[in-house]
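S.K.:
Numbering (UniProt numbering), first residue to last: 1 to 346.
#1: Mind checking residue 182: buried by the 16 CB within 10 Å criterion, or exposed?
#2: Secondary structure at residue 301, three-state DSSP: helix, strand or coil?
#3: Run through DSSP, which three-state label would residue 254 get?
#4: Pick from 229, 268, 186, 304: whose alpha carbon is nearest that of residue 208?
#5: Taking Cβ positions, are residue 195 and residue 253 nearer each other than 8 Å?
#6: What span of residues does the beta strand (DSSP E) with residue 259 cover, start to end?
#7: Taking DSSP as the reference, what is the three-state secondary structure of residue 199?
#8: Report the three-state DSSP secondary structure of residue 17 (helix, strand or coil).
#9: Let me confirm a value: residue 308 is counted as buried when at least 16 other C-beta atoms fall within 10 Å, else exposed. Which label applies?
#10: Buried or exposed: where does residue 296 fall if 16 or more other Cβ atoms within 10 Å of its Cβ makes it buried?
#11: Considering only DSSP beta bridges, list what residue 211 is partnered with.
#12: With a CB to CB cut of under 6 Å and the five nearest residues on each side skipped, what residues in its chain are close to residue 243?
#13: Between the alpha carbons of residue 227 and residue 203, how many angstroms are there, rounded?
#14: I'd like to confirm the pairing. Which residues does DSSP put opposite residue 288 in its beta bridges?
#15: Among residues of its own chain, excluding the 5 on either side of residue 283, which ones have a beta-carbon nearer than 8 Å to its beta-carbon?
#16: If we ignore side chains and look at the alpha-carbon of each, how far apart do residue 343 and residue 334 end up?
#17: Since residue 339 is in the beta strand (DSSP E), which residue starts that stretch and which ends it?
#18: Going by DSSP, name the residue or residues bridged to residue 333.
#19: Let's see if you can read the secondary structure: which residues bound the alpha helix (DSSP H) around residue 59?
#20: Kindly indicate the opening and closing residues of the alpha helix (DSSP H) around residue 186.
#21: Should residue 43 be labelled buried (16 or more other beta-carbon atoms within 10 Å of its own) or exposed?
#22: Quick one: what's got a C-beta closer than 7 Å to residue 38's C-beta in the same chain, skipping five residues either side?
#23: Exposed or buried, residue 234, counting other C-beta atoms within 10 Å across all chains shown (16 or more means buried)?
#24: In three-state terms, what does DSSP make of residue 216?
#25: Under 8 Å, do residue 350 and residue 187 count as touching if we go by C-beta distance?
#26: Got a sec? Which residues, its chain only, sit under 7 Å from residue 331 by beta carbon, not counting five neighbours each side?
#27: Can you tell me whether residue 14 is buried or exposed? The criterion is at least 16 other CB atoms within 10 Å of its CB, across all chains shown.
#28: Spatial neighbours of residue 26 within its chain, please: C-beta separation below 6 Å, excluding the five flanking residues on both sides.
#29: Suppose you measure from the CA of residue 341 to the CA of residue 286; what does that come to, to the nearest Å?
#30: In whole angstroms, what separates the C-alpha of residue 34 from that of residue 46?
#31: Under the assumption that residue 65 contacts residue 29 (Cβ atoms under 8 Å), give the Cβ distance between them as a whole number of angstroms.
#32: Here's the rule I'm using: 16 or more other beta-carbon atoms within 10 Å means buried, otherwise exposed. How should residue 329 be labelled?
#33: Would you say residue 260 and residue 325 are within 8 Å of each other, going by their C-beta atoms?
#34: Using CA atoms only, rank isn't needed, just tell me which of 322, 294, 152, 316 is closest to residue 211.
#35: Tell me whether residue 229 is buried or exposed, calling it buried when 16 or more other Cβ atoms sit within 10 Å of its Cβ.
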């Protein structure tokens, strides 16, 4: 996996950690909406959210749950709206850029006409001092007009290039926000789909093998029913942060609910199974306490299914086979790792 991907995941982990710090500092419950607002506040891309929240953070030193819920309701769809708005502005700016190029081409054609006119004057049979003077006047007038047009166009092109660069940056930031799971700070389903497409394209250049690991929490509904949905959210965030901390170089995403996905490049099926089993054992040995009352809920049991990427796979088939292995792990009694038999025979 690339260094850029590692940097992105480390950045997401740092943002998530800081968001959780603010949750504790202001004693706001870590609900999805509240956590989402704090995450976007730390991330720093949502200027409207920052404008609304900063005074309370820096001056009042007090942030209420009602305020955070209100901000969430007002800005929840900001990423999608920003993406659409910036995309439209970028298209308009590119159109203007193309128009400037077309104008320059027309100016060049006009100057060519001026040169042709001057050439005809010079080649005329009755060439005289007057015709030479007319020729020079024509060329001077054309050159002056061309110089003015070039100067104006250069200024407009510089401005257009600067605006396009700005809009491209805003669009990239908006898309990055759209690929982030705001509960955990890791990639979401959209991010996962993009990573799968990229992995399929680059399979021929990968050394070793690439495995998709699907995982979910055993009896997660019991956690929600017994301790509340806030407890379930804390479990989900804990899993995301632990995997990010222990394995910062893998591609990790939350697909929804309690289901996660890891794209792992490794040397063999045995190495992939060992990776998954070590991760499973790590969570099985953790004794998790739910805040703020530090209510103990015990260890977290996770089932995992693995599928090796093949040259015949597409996005759907690879996921479907890994999902089938996840169901096999559940059928084996849960808290298990399952992989296709043919992978282990290689």
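For glycine and all other residues, C-beta sits at the position ideal for the given N, C-alpha and C.
M.R.: Looking at the coordinates:
#1: buried
#2: coil
#3: strand
#4: 268
#5: yes
#6: 259-266
#7: helix
#8: helix
#9: buried
#10: exposed
#11: 264, 308
#12: 252
#13: 43 Å
#14: 298
#15: 239, 242, 299, 300, 301, 302
#16: 21 Å
#17: 337-339
#18: Note: residue 333 sits in no beta bridge, so no partner.
#19: Premise fails: residue 59 is in no alpha helix (DSSP H) and is neither H nor E.
#20: Premise fails: residue 186 is in no alpha helix (DSSP H) and is neither H nor E.
#21: buried
#22: 19, 22, 23
#23: buried
#24: strand
#25: In the structure displayed, the chain extends from 1 to 346; residue 350 sits before or after that span and is not available.
#26: none
#27: exposed
#28: 63
#29: 30 Å
#30: 15 Å
#31: 7 Å
#32: buried
#33: no
#34: 322
#35: exposed
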